[in-house]
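According to the numbering used here, the sequence shown is numbered sequentially starting from 542. We put the beta carbon where it would ideally sit given N, CA and C, even for glycine. On a predicted model such as this, the values are computed, not experimentally measured, just so you know. The block underneath contains the structure these notes are about, expressed in structure tokens.
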Amino acid sequence: MAFNRKQKLRDNIEAIRTAFILDRENRTATTEERAILQRYCGFGGLKCILNPAKELTDAVRWAKSDLELFAPTVELHRLIRENSKDETEYKRFVDSLKASVLTAFYTPKEITDTIADVLADYSVRPARMLEPSAGVGVFVDSMLRHSPNADVMAFEKDLLTGTILRHLYPDQKMRTCGFEKIERPFNNYFDLAVSNIPFGDIAVFDAEFQRSDSFGRRSAQKTIHNYFFLKGLDAVRDGGIVAFITSQGVLNSTKTSVRNELFSQANLVSAIRLPNNLFTDNAGTEVGSDLIVLQKNLSKKEMSQDERLMTVIQTDTKTDLTDNAYFIHHPERIVHTTSKLDTDPYGKPAMVYLHEGKTAGIAGDLRRMLNEDFHYRLAMRLYSGTIWQSGTEEKVTVQKEAERPAIKLETVSSAQTVETPTEKPQPVEEKPEIEPRPKYSDGVQLSLLDLWGMTEEVSQPKTSKKKKTVKKAVTAKSTPPKPKVTVTPTAPTAKPAMENKEVKAENTAKPADPDDIYAKLDWETNPPINGFYEMMMELTPERRKELRELARQHNEKHENRTVATITPEVPREQPRQEETQPEAVAAPAVTDAPPETVATSLFPDIEPEKPKEEVADLTPRAYHRTPEMHLREGSLVADRGRHNIGYLKDITPYGATFQPLDLKGYQKEKALLYVSLRDAYERLYRYESLRREANVPWREHLNTCYDEFVMRYGNLNAKQNVKLVMMDAGGRDILSLERVENGKFVKADIFEHPVSFSVESHANVGSPEEALSASLNKYGTVNLDYMREITDSTAEDLLTALQGRIYYNPLVTGYEIKDRFIAGNVIEKAERIEAWMGENPESERMPEVKQALEALKDAEPPRIAFEDLDFNFGERWIPTGVYAAYMSRLFDTEVKIAYSASMDEFSVACGYRTMKITD
């Protein structure tokens, strides 16, 4: 079916109208409305929207072939203007549409379905999909048929097209911005990137590409199609697929740096040249394009033979035809039925391929070629991650072997060698080895837990001091010569006391004199803790008796559980037992020195093994909510769920990563209060700057946060606080909340009144001129109601006093100052006002309108006489036939001249060259 420009323009207008309605009513599209939205085809084949179409008089500037599109184009502009908040937004919409004219050629549905079907046939069903130039989402629709649960992110730069896309897929991540805005966290993220990307010599700025050491990446910014390929490859994970339809400029360019960069980190899966009439039915244009499918491979070492061909350009010296070597060696990868030598859109020699089977025939041939290429080149193990996982497992195994901890000598009781399960027992030197018993105190020790009726007895540490010692009573046991005494504990080593669990004692001790609890304390090694010594001294006899009874019961319980065994020495397997039980208390090393005396400590349960402090979890995790507008990379935030302080990184519109900081106590409390203060300021400022009205409750909250911070930690600009504030990405703004007056920091103005707009009161101004200035300062326009309030004058008095300084403009239904009203194209404005007067002859504003029209007529510049006009070649308003007739007569040959409005270029051709041309 031929491309019907008028019908396509009508479909676009209805789709835009529907999108505006859905936006205004804030609802999702119905089935009928979705069908209207899906008929939107962009303006790639509708360059008529570049022509002026504000008024009926603009029709004289249109070519006769486009005149049938003038009325719908005027309707399009009126529709956009009616649904724009102001003239600025209207201009943004129109400029966005005009910018898309050169690139908005949408892919036929049969082609997108074919690509999606082949991908699905080879189990490429992405969980995460990227569409960097979505249009109305034809690729998204085709892929969701096979992967309905896929997480899709799509970009569309055109504002109106992006609005339609958002209403078609409200549950997906549809972003109305350029692909270059994608955030770094989405690098190596997607399983598949598929699109019909824009093409042309359109430069794209990307800071990462600009700073890159790779020449290919830096040069890719100069052409949008090259940039999209490299950026799309960055976005997919290792093994991910990139399938882009692009112009022939990617593979036919004589500059090979971009292709070398592509194939250094990706495998070629398929490269198919598509016929020039692919977009004829959808966009009414014939343009050559290629389908290139790549598979990312970060471990790639060298190019294949076909990939090396892709980087080579060959030129036919006879025809001056330049083509990629891959298609010269593989002509079977060109979808066509006929071909001829012609020119490309830039006038250079090029092969033009056509397919007589139209879209259906093209889709059939494309499916066959893709199946063949995917069968031979697609690495499914690389896509599924099997290769990566197996490599990781091997690395982990080797790492575990390498990182196997060595047995420390002090963990073995008396053996100097360690045996593996397969080794035979090693002979041991015959030496009298007696493992001494662990040293225990003979007195009942009181700990902090004793104050609440709990006791805990743990072996005492050795000390080097011997000022006061305690004689140790040891149970008399007969020991044969060369015995080995082993104490077998019934439980692991003592856990921290904070767990409120009793620890299994390894031996029992003889109770000391109950009336002499503190007699054996070494006060030099155990200085009294403030307040605790006095409390212990004030214990009543009844309380002491209760504590002694609890201690006795505790010791009896452990005495029944402790088992002591005496075994003759055998070939040593004990080291292996201790290796498998790392938590067991190791026996002391053998020594010839006499047993040291141990000083009794006031806190025996704490000193041997202090309770382990809770280790803060500093692993990055997802931030618990979508970041607010003022938060950016490096902003300090509070993770409310865990009450931690950290900073944000990898911020996207859909979330961020929270990196905790190891702040404790005083610093943590200060940071929490700072975050509350900063958020209070940012929210207040944003609210008032957007709504242009004061928010008293939020300002009170800001003052409360600031006053509390200063009361507890000092001024924000104080030396002890500046370091914390500057840790925050927006810290410099917060430091400006204080200013210096008389050598002291005081609050800034925002603590008292709004600073994003003027709140100056103009009550009782002296004259209408001052009232006009106040109105312009506050509202930017002539607001008669406000001027009446501050002058106590009537509207008639103000208009009389300001006659000649303000005029009524019926085109904006309001008053404007003279400098704004009598500006621009005053002739056109006068004609529009005259037209308004003809349509509204009975308007009560007619006297004011006539006065305004007279002012415009007086400001019209004098008309230039014809003999004073200066004509130059290249004037766009002069018909090309005039130029052609003049040059044909001048050079004595037939000259043809064509002008492309979309590219703003003239092309000139002659029948044959004459002496006047060559000389």
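- In the three-state DSSP reduction, residue 1216 falls in the helix class (H, G or I).
- In the DSSP assignment, residue 1285 is bridged to 1282.
- According to the DSSP assignment, residue 1395 belongs to the alpha helix (DSSP H) that extends over 1387–1400.
- Between residue 1309 and the set 744, 1416, 1326 and 1097, the nearest pair of CA atoms involves 1326.
- Per DSSP, residue 883 is one residue of the beta strand (DSSP E) stretching across 879–884.
- Boundaries of the alpha helix (DSSP H) harbouring residue 700: 700–709, taken from the DSSP string.
- The Cβ atoms of residue 637 and residue 699 lie closer than 7 Å to each other.
- Only residues of its own chain outside the window of five on either side were considered, and among them 679, 680 and 683 have a CB closer than 6 Å to the CB of residue 653, listed in chain order.
- When DSSP states are grouped into helix, strand and coil, residue 1246 belongs to the helix group.
- Secondary structure within the region 669–699: the beta strand (DSSP E) runs of 3 or more consecutive residues, fully enclosed, are 669–672 and 692–696 (chain order).
- Residue 1193 has 1196 as its beta-bridge partners, per DSSP.
- Cβ-Cβ separation between residue 670 and residue 657: approximately 10 Å, too far for a contact (criterion under 8 Å).
- In the DSSP annotation of this structure, the continuous segment of the alpha helix (DSSP H) that includes residue 611 starts and ends at 611–623.
- Rounded to whole angstroms, the Cβ separation of residue 711 and residue 569 is 6 Å, and the two are in contact under 8 Å.
- Counting C-beta pairs with one atom in each stretch, the region 795–805 and the region 874–888 have fewer than three that are closer than 8 Å, which means they do not touch.
- Remark: C-beta atoms of residue 675 and residue 695 approach each other more closely than 7 Å.
- Bounds of the beta strand (DSSP E) holding residue 863 are 862–865.
- Around the Cβ of residue 713, a 10 Å sphere holds 16 or more other Cβ atoms; the residue is buried.
- A Cβ-Cβ separation of about 7 Å places residue 1266 in contact with residue 1215 under the 8 Å criterion.
- For residue 1446, there is no enclosing alpha helix (DSSP H); the residue is found in the beta strand (DSSP E) stretching over 1446–1451.
- Of all alpha-carbon atoms in 793, 840 and 833, the one lying nearest the alpha-carbon of residue 806 is that of 840.
- Secondary structure at residue 1442: coil, using DSSP grouped into helix, strand and coil.
- Annotation for residue 659: no beta strand (DSSP E) segment contains it, though the alpha helix (DSSP H) segment containing it runs 650–662.
- Unbroken alpha helix (DSSP H) stretches of 4 residues or longer found wholly inside the region 1327–1365: 1336–1342 and 1359–1362, given in chain order.
- Secondary structure at residue 856: strand, using DSSP grouped into helix, strand and coil.
- DSSP places residue 1186 in the strand class (E or B) of the three-state scheme.
- Put simply, the region 1363–1383 touches the region 1395–1402. At least three CB pairs are less than 8 Å apart.
- Proximity to residue 1420 across 574, 603, 1240 and 558 peaks at 603, based on C-alpha coordinates.
- When the alpha-carbon of residue 889 is set against those of 898, 864 and 895, the nearest one is in 864.
- Secondary structure note for residue 1309: its alpha helix (DSSP H) is the uninterrupted segment 1309–1320.
- Judged by beta-carbon spacing, residue 732 lies within the 7 Å limit of residue 781, meaning their Cβ atoms are closer than that value.
- In this structure, DSSP gives residue 780 an extended state, which the three-state scheme calls strand.
- The three-state reading of DSSP puts residue 1222 in helix, counting H, G and I together.
- Residue pairing by DSSP places residue 737 opposite 786 in a beta bridge.
- For residue 737, the CB contacts under 6 Å within the same chain, skipping 5 residues up- and downstream, are 648 and 786 in chain order.
- If you check the CB distance, residue 773 and residue 673 come in under 7 Å.
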